[in-house]
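One structure is given here, and the rest of the page talks about it.
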Amino acid sequence: MEIKPDHYFPSIDSTKNRIVSSHLPYMSLPKAVKDSSASKLIYVCRNPKDAFVSLWHFTNKLRPPQVGSLSLEEAVEMFCKGVSVAGPFWDHVLQYWQESLKNPDKVLVLKYEDLRDEPNSHVKRIAEFMGCPFSKEEEASGIVNEIINFCSFEKLSNFEVNKHGKDRSGLEYKNFFRCAMAEDWKNYLTPDMADRIDLLTIKKFQGFGLKLLRIQRFISFLHFEDEL
1 MEIKPDHYFP SIDSTKNRIV SSHLPYMSLP KAVKDSSASK LIYVCRNPKD
51 AFVSLWHFTN KLRPPQVGSL SLEEAVEMFC KGVSVAGPFW DHVLQYWQES
101 LKNPDKVLVL KYEDLRDEPN SHVKRIAEFM GCPFSKEEEA SGIVNEIINF
151 CSFEKLSNFE VNKHGKDRSG LEYKNFFRCA MAEDWKNYLT PDMADRIDLL
201 TIKKFQGFGL KLLRIQRFIS FLHFEDEL
């Protein structure tokens with residue numbers, strides 16, 4: 001069976017600027033994307049505990065009924081061992097983070113929590129990064145707020161296509177929308193689970209200048225000597 005790129009991306013040969021979303025690790029991106037001076041990469045990461053809970057919910061929606069759901073305990077074990085859809089979480093984030101430090105004009109790393117807390121400044125930052133900053137007149141007209149409202153969870157999740165539509169594989173778009181909350185992990189993870197993920201995060205990101213944990217909680221290190 002021959003699979004052509006344009007089966008999924010009809011405009012792949014277009015000469016116009018295009019926006020493509022992907023979960024690929026940086027190292028797996030096409031060479032043309034990484035080498036092109038014209039391409040821009042915006043990478044959004046978040047607290048790993050929330051990233052895990054979101055992934056757990058999403059992957060369980062994709063599992064066949066006869067297989068059953070993956071338990072939270074099983075999922076935590078897999079996540080901490082680096083078994084994830086797009087590869088180990090921490091490696092995935094660090095690849096883009098390190099590239100953003102080397103090439104800040106090409107790679108922009110944003111945090112989900114910051115986008116939620118300060119959407120106005122981050123929409124402006126994205127526009128500047130893309131080389132199309134807002135003029136004073138545009139800002140005065142309220143266009144930034146219009147973009148924020150249009151891209152809100154409430155707005156997007158209520159589009160008819162996102163409520164009832166499906167992608168080419170048959171996956172319903174509504175599966176991509178859940179709660180759009182920060183710190184939802186507190187509703188699912190036990191203290192030991194949270195500590196284990198936090199310990200790995202501190203260990204993996206040490207020395208790289210990247211902080212995804214807003215508050216460094218007290219962690220029972222003695223419980224997780226094997227993680228250190």
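Counting in the UniProt record's numbering, the sequence shown runs from 1 upward without gaps. We put the CB at the ideal spot given by N, CA and C, even for glycine. Nothing here was measured: the structure is a model prediction, and the numbers come from that model.
Query raised in the report: How would you write the range of the alpha helix (DSSP H) that LYS186 sits in, first residue to last?
Result: For LYS186, there is no enclosing alpha helix (DSSP H), as DSSP marks it with neither H nor E.
Requested in this report: Please work out which residues of its chain come closer than 6 angstroms, Cβ to Cβ, to PHE79, disregarding the five sequence neighbours upstream and downstream, and give them in chain order.
Outcome: PHE52
Report task. Please report how far the alpha carbon of THR59 lies from the alpha carbon of VAL144, in whole angstroms. Result -> 34 angstroms
**Report entry** ASN47, buried or exposed, once every other Cβ within 10 Å from all chains shown has been counted against 16
**Finding:** Buried, by the Cβ-count rule.
**Report entry** C-beta contact flag for SER100 and VAL109 at 8 angstroms
**Finding:** For SER100 and VAL109, yes; Cβs fall inside 8 angstroms.
Report task. Look at LEU189 and THR201 and say whether their C-beta atoms are less than 8 angstroms apart. Result -> 8 angstroms or more divides the Cβ of LEU189 from the Cβ of THR201.
Report task. State whether the stretch 73-89 contacts the stretch 21-30, with contact taken as three or more CB pairs (one from each stretch) at a distance under 8 angstroms. Result -> Flag = yes, the stretch 73-89 and the stretch 21-30 touch.
Query raised in the report: Can you find at least 3 beta carbon pairs, one from the stretch 144-154 and one from the stretch 116-123, that sit closer than 8 angstroms?
Result: yes
Query - Nearest candidate by alpha-carbon position, reference ASP114, set PHE150, GLU154, ALA182 - result: ALA182
Query raised in the report: Can you check whether the CB of PHE150 is closer than 8 angstroms to the CB of PHE177?
Result: no
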